[in-house]
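Asker: Got a structure for you, written out below as structure tokens; questions coming shortly.
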Amino acid sequence: MDKAVGQFEAGLNVPLPSGPAPDWDTAIADLRKALTAKPDLAEAHNVLGLLLGRASANSKQVLAEFREAVRLQPDFAEAHNNMGLVLAQENDEKAAITEFREALRISPDYADAHANLGAVLTLTDSEQAVRELEKAVALAPGSLKAQFNLAVAYGQNPSYGPAKEIEQLRKVIASQPTFSGARLALGRALLGEGKVEEAIVELREAARLAPQNAQAHYQLGLSLARAGHKDEATAELQKSRELASSDDRNQNAALDIAEGRIALDEGDLDRATAKFKHALELQPESPDAQHFMGTVLEKQGDSEGASAAYRKAVELNPGDILAREKIAAFSGERGAGDDPNRISEFEGYIREGRFQDVEPMLAAYVKEHPKSSWGWYALGYSQFAQQRIGESIQALAKSLQVDIRNAEAHKILGRDLMIIGKFDAAQTEFEQGVRYAPRSSEMHFNLGKLFSIQDEWNAARKEFEEALRINPSYVESWDALGFAQEALGDGAGAVESYEKAIALNRAMKGNFVSAHVNLSAYYNRKGDTEKALAYARAALDLDPKCDGAWFQEAKAGEAQGRLNDAAEALDRAVSLNPRASSYYYVLARVYRQLGKAEESRKALDMFISLQDETNEIEEKRRSLADRSVSAPQPKNQQD
């Protein structure tokens with residue numbers, strides 16, 4: 016039970032997804048079931064309160080769990096803080112302040128409680144608000160929430176005023192340039208100080224980062240009007256009016272969903288139906304409204320209507336695991352009518368890597384066998400192998416609608432989502448893969464790789480270790496574990512893991528080169544160029560077309576002063592992988608040392624161009640993430 020609560024809590028601390036929402040309802044049901052066996056665990060009630068908040072449950076239910084946590088453990092500072100957040104959102108500021116202060120009495124250095132108390136006090140006691148928020152920033156200098164709220168408090172306090180607010184907002188933006196709320200606040204403050212042109216710059220950026228923010232467009236419109244740009248001002252103000260109308264619809268839809276859920280809990284299906292229908296009229300693309308409409312229809316005995324609603328919910332939110340399970344239960348035809356001979360034929364094509372040939376056959380097969388989970392999975396796999404990610408996602412989602420327990424479909428769907436940067440959605444799929452294939456080392460390996468690309472090295476290491484516990488001969492996992500250990504500062508452990516991967520690969524007579532390349536890079540960083548060169552050349556013996564090995568050989572050559580050899584190795588690396596910006600950077604440096612100024616300039620230009628492309632892609636990914644729906648309550652003040 017303690018371990019399970021820890022896992023729930025760790026999950027709640029992960030940044031909110033830019034892709035599909037997690038399946039909060041299943042997590043809540045599982046935790047409630049566990050609490051029936053051990054009802055006196057305060058931490059479990061606290062986590063349940065957080066889960067209910069994320070799932071937009073009634074605030075009374077959320078508060079009840081936090082209060083139970085405090086009843087069981089009166090000195091539970093975090094539960095008092097969480098209770099304060101819910102009370103603040105219910106506009107019961109006096110009670111919220113009491114809870115935040117109780118949290119601080121128990122834990123005087125609780126930075127989050129100082130930040131939340133300061134945020135609540137900002138409008139009523141700006142002096143105390145500033146003191147609380149300055150304390151929060153001193154305790155947690157990296158907290159953007161505290162930094163931002165401190166700027167707001169400065170603006171409300173006559174002793175500091177706009178100048179201090181502007182200074183603090185600039186610090187926030189320097190730490191997080193894509194923080195649209197800080198850009199908006201800075202633009203508004205600059206406009207209030209008469210710095211119209213500076214305000215326009217910030218408000219344009221706020222509107223770019225958050226194009227659906229009505230206030231950003233409204234403030235930009237006002238600034239442009241003051242600057243005499245009437246046509247552009249009119250367009251921005253019109254945009255703000257349109258967005259404000261849309262915001263009203265979204266807020267009303269959210270209210271309908273909340274009231275519908277209360278009616279559903281009370282067994283009033285007619286009122287619940289009316290609320291969810293109205294929510295869908297206001298917001299037809301709401302996955303929550305579709306999901307709960309499915310729940311109502313299911314309770315009313317309308318299996319066909321419920322299945323259709325659940326399918327729409329999954330289409331809008333592929334992370335809705337409960338809806339997928341409902342669809343599978345309604346279909347009751349997992350794999351029914353599959354043709355074993357044709358499946359064997361298709362598998363032959365797949366083993367031979369003839370994905371382009373087999374894809375049209377599989378497309379025809381699923382038309383004949385629309386309830387074949389295997390058919391949809393194989394179609395999605397063949398599309399994944401051809402890097403046609405969007406089509407692959409659609410096919411795999413259909414496979415899982417038929418059979419939620421298809422672990423391989425979860426795995427490939429997770430890889431698809433990982434490729435397009437939907438990391439949280441990918442994590443959901445890999446975790447479902449582990450759920451349905453707990454003895455699969457590859458499922459844990461995939462999770463580890465996902466955590467690695469997000470620099471979550473402790474989580475990655477644990478997954479690689481679990482993969483190796485299941486399969487101690489998993490070469491790729493030994494290599495990946497070494498990389499995670501190196502990132503965590505365990506150089507000796509990393510070398511041991513890399514060497515283990517190399518030894519296993521040698522025993523299997525394989526051609527896996529990554530461990531050699533990683534060891535070469537490790538020794539290059541340590542300044543042991545002889546060992547770096549030896550491992551790079553060992554990698555090239557296995558695979559002469561390994562660009563990473565040529566790159567490490569070049570770095571060793573440069574460090575040894577063999578610049579012509581280094582340039583030649585870098586040319587080989589670039590010819591094999593012309594999209595690796597770091598290769599051009601080192602090549603530019605080597606050419607400069609060789610006195611080849613023009614070649615150095617061209618290499619540096621390529622480095623800059625590729626870096627700009629990478630930054631642009633990352634900016635687009637962040638922009639998409641910023642547009643995602645914010646977390647359900649409870650959430651931090653001014654988060």
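Under the working numbering, read the sequence shown as residues 16 to 654, first letter to last.
Glycine included, each C-beta is placed from N, C-alpha and C at the ideal position.
Do you know how far the Cα of A242 is from the Cα of V101?
Answerer: As a first step, residue 101 is located in the sequence shown; it is residue number 86 there, counting from the start. As a first step, residue 242 is located in the sequence shown; it is residue number 227 there, counting from the start. When rounded, the distance between both Cα atoms is 42 Å.
Asker: Helix, strand or coil: which one does DSSP assign to A278?
Answerer: On the sequence shown, residue 278 is found 263 positions in, with the first residue counted as 1. If DSSP states are grouped into helix, strand and coil, A278 belongs with the helices.
Asker: Can you have a look at K437 and say buried or exposed, based on whether 16 or more other CB atoms are within 10 angstroms of its CB?
Answerer: Your numbering for residue 437 matches position 422 in the sequence shown. K437 comes out buried.
Asker: Assess, as a yes-or-no matter, whether the region 573-581 is touched by the region 554-563 under the definition of 3 or more beta carbon pairs within less than 8 Å.
Answerer: As far as the Cβ criterion goes, the region 554-563 does not touch the region 573-581, which means the pair count is below three.
Asker: Taking the beta carbon of E296 as the centre, do at least 16 other beta carbons fall within 10 Å, making it buried, or is it exposed?
Answerer: Position 281 of the sequence shown, counted from the start, is the residue given in the question as residue 296. Exposed, by the Cβ-count rule.
Asker: Could you check if K464 is buried or exposed, using at least 16 other CB atoms within 10 Å of its CB as the buried criterion?
Answerer: Taking the sequence shown and counting its residues from 1, the one referred to as residue 464 is at position 449. Buried: at least 16 other Cβ atoms inside 10 Å.
Asker: Below 7 Å CB to CB, which residues in the same chain sit around L138 once its five sequence neighbours on both sides are set aside?
Answerer: Against the sequence shown, residue 138 aligns to sequence position 123. Excluding sequence neighbours, L138 sits near Q171.
Asker: Out of curiosity, what's the CA-to-CA distance linking L136 and T443?
Answerer: For the purposes of this step, residue 136 is taken as the residue at position 121 of the sequence shown. For the purposes of this step, residue 443 is taken as the residue at position 428 of the sequence shown. Approximately 38 Å between the Cα atoms of the pair.
Asker: Tell me which residue opens and which closes the alpha helix (DSSP H) that Y175 is part of.
Answerer: Position 160 of the sequence shown holds residue 175. No alpha helix (DSSP H) holds Y175; DSSP gives it neither H nor E.
Asker: In its own chain, which residues sit with a C-beta less than 6 Å from the C-beta of A111, not counting the 5 before and 5 after it?
Answerer: As a working mapping, residue 111 is identified with position 96 in the sequence shown. Taken in chain order, the residues that qualify are G99, L102, A103, V135.
Asker: Determine the DSSP secondary structure at L428, reduced to helix, strand or coil.
Answerer: Within the sequence shown, numbered from 1, the residue matching residue 428 stands at position 413. Reduced to three states, the DSSP call for L428 is helix.
Asker: Please confirm if the region 178-188 is in contact with the region 223-237, defined as three or more CB-CB distances below 8 Å between the two stretches.
Answerer: Result no; under three Cβ-Cβ pairs closer than 8 Å.
Asker: Measure the CB-CB distance between D353 and H306 and report whether it falls below 8 Å.
Answerer: Position 338 of the sequence shown, counted from the start, is the residue given in the question as residue 353. Position 291 of the sequence shown, counted from the start, is the residue given in the question as residue 306. No, they are not a contact pair.
Asker: From S512 to R454, what distance separates their C-alpha atoms?
Answerer: To locate residue 512, count along the sequence shown from 1; it is residue 497. To locate residue 454, count along the sequence shown from 1; it is residue 439. Approximately 22 Å, taken between the alpha carbons.
Asker: For A658, I'd like the list of residues in its chain whose CB is within less than 7 Å of its CB, leaving aside the five on either flank, ordered along the chain.
Answerer: The question about residue 658 has no answer, for the chain in this structure spans 16 to 654.
Asker: So L625 and S596 are supposed to be a Cβ contact under 8 Å. How far apart are they, rounded?
Answerer: As a first step, residue 625 is located in the sequence shown; it is residue number 610 there, counting from the start. As a first step, residue 596 is located in the sequence shown; it is residue number 581 there, counting from the start. L625 to S596, Cβ: 4 Å. Contact.
Asker: Near I404, which residues of its chain fall below 7 Å by C-beta distance, leaving aside the five closest residues on each side in sequence?
Answerer: As a position in the sequence shown, residue 404 is number 389, starting the count at 1. Result list for I404: D431, I434, I435, in chain order.
Asker: Does DSSP classify D353 as helix, strand or coil?
Answerer: Indexing the sequence shown from 1 puts residue 353 at position 338. It is coil, neither helix nor strand.
Asker: Could you tell me whether the region 521-536 touches the region 483-498, where touching means 3 or more Cβ pairs closer than 8 Å?
Answerer: Enough Cβ pairs lie closer than 8 Å, so yes.
Asker: With distance defined between alpha-carbon atoms, name the residue in G275, F466, P299, A128 nearest to L312.
Answerer: Taking the sequence shown and counting its residues from 1, one reaches residue 312 at position 297. Here the closest residue by C-alpha is G275.
Asker: Classify R594: buried if its beta carbon has 16 or more other beta carbons within 10 angstroms, exposed otherwise.
Answerer: Translated into the one-based positions of the sequence shown, residue 594 becomes position 579. Its Cβ having fewer than 16 others within 10 Å, R594 is exposed.
Asker: Tell me where the alpha helix (DSSP H) around R120 begins and ends.
Answerer: Numbered from 1 along the sequence shown, position 105 holds the residue referred to as residue 120. First-last of the alpha helix (DSSP H) with R120: 108-121.
Asker: Would a C-beta distance cut-off of 8 Å place F194 and L159 closer than the cut-off?
Answerer: In the sequence shown, residue 194 corresponds to position 179, counting from 1. In the sequence shown, residue 159 corresponds to position 144, counting from 1. It is a contact, given that the beta carbons lie within the stated cut-off.
Asker: Can you find at least 3 beta carbon pairs, one from the region 84-91 and one from the region 45-60, that sit closer than 8 Å?
Answerer: In short, these stretches touch, since the Cβ pair count reaches three.
Asker: Where do the ends of the alpha helix (DSSP H) carrying E478 lie?
Answerer: Your numbering for residue 478 matches position 463 in the sequence shown. Its alpha helix (DSSP H) spans residues 472-485.
Asker: Which same chain residues, not among the five before or five after L201, have their C-beta less than 6 Å away from its C-beta?
Answerer: The residue you call residue 201 lines up with position 186 of the sequence shown. Closer than 6 Å at the Cβ level, and outside the excluded window around L201, lie L184, E217.
Asker: Can you find the residues in the same chain that come closer than 8 Å, C-beta to C-beta, to D470, ignoring five residues on each side of it along the sequence?
Answerer: Sequence index remark: in the sequence shown, residue 470 carries index 455 (1-based). Within the same chain, D470 has close Cβ partners A502.
Asker: Throw me the rounded Cβ distance for the A126 and A161 pair, which I believe falls under 8 Å.
Answerer: Locating residue 126 in the sequence shown gives position 111, where the first residue counts as 1. Locating residue 161 in the sequence shown gives position 146, where the first residue counts as 1. With a Cβ gap of about 7 Å, A126 and A161 count as contacting.
Asker: At which residues does the alpha helix (DSSP H) containing T288 begin and terminate?
Answerer: As a position in the sequence shown, residue 288 is number 273, starting the count at 1. 284-297 is the extent of the alpha helix (DSSP H) around T288.
Asker: Can you give me the Cβ contacts of G429 inside the same chain, cut-off strictly under 7 Å, excluding the 5 residues immediately before and after it?
Answerer: If you number the sequence shown from 1, residue 429 lands on position 414. These residues qualify, in order along the chain: A441, E444, F445, G448, N461.
Asker: How many Å lie between D124 and L154 at the Cα?
Answerer: For the purposes of this step, residue 124 is taken as residue 109 along the sequence shown, with counting starting at 1. For the purposes of this step, residue 154 is taken as residue 139 along the sequence shown, with counting starting at 1. Looking at the two C-alpha atoms, the distance is approximately 7 Å.
Asker: The alpha helix (DSSP H) that contains P385, what's its start and end?
Answerer: For the purposes of this step, residue 385 is taken as the residue at position 370 of the sequence shown. Taken as a continuous stretch (DSSP letters only), P385 belongs to no alpha helix (DSSP H), as it is neither H nor E.
Asker: Taking the Cβ atom as the reference point for each residue, do T322 and I342 lie within a distance shorter than 8 Å?
Answerer: Here residue 322 is taken as the residue at index 307 of the sequence shown, counted from 1. Here residue 342 is taken as the residue at index 327 of the sequence shown, counted from 1. What sits at residue 322 in the sequence shown is Ser, not Thr. A contact, by the Cβ cut-off of 8 Å.
Asker: Beta carbon of V510, beta carbon of Y550: below 8 Å?
Answerer: Counting from 1 along the sequence shown, the entry for residue 510 is found at position 495. Counting from 1 along the sequence shown, the entry for residue 550 is found at position 535. No, they are not a contact pair.
Asker: Could you round the C-beta distance between A393 and I365 to whole angstroms and report it? I think they count as a contact, below 8 Å.
Answerer: For the purposes of this step, residue 393 is identified with residue 378 of the sequence shown, where counting begins at 1. For the purposes of this step, residue 365 is identified with residue 350 of the sequence shown, where counting begins at 1. Yes, they are in contact, since the Cβ atoms of A393 and I365 sit about 7 Å apart, within 8 Å.
Asker: Return helix, strand or coil for G463, following the three-state DSSP convention.
Answerer: The residue given as residue 463 occupies position 448 in the sequence shown. It is helical.
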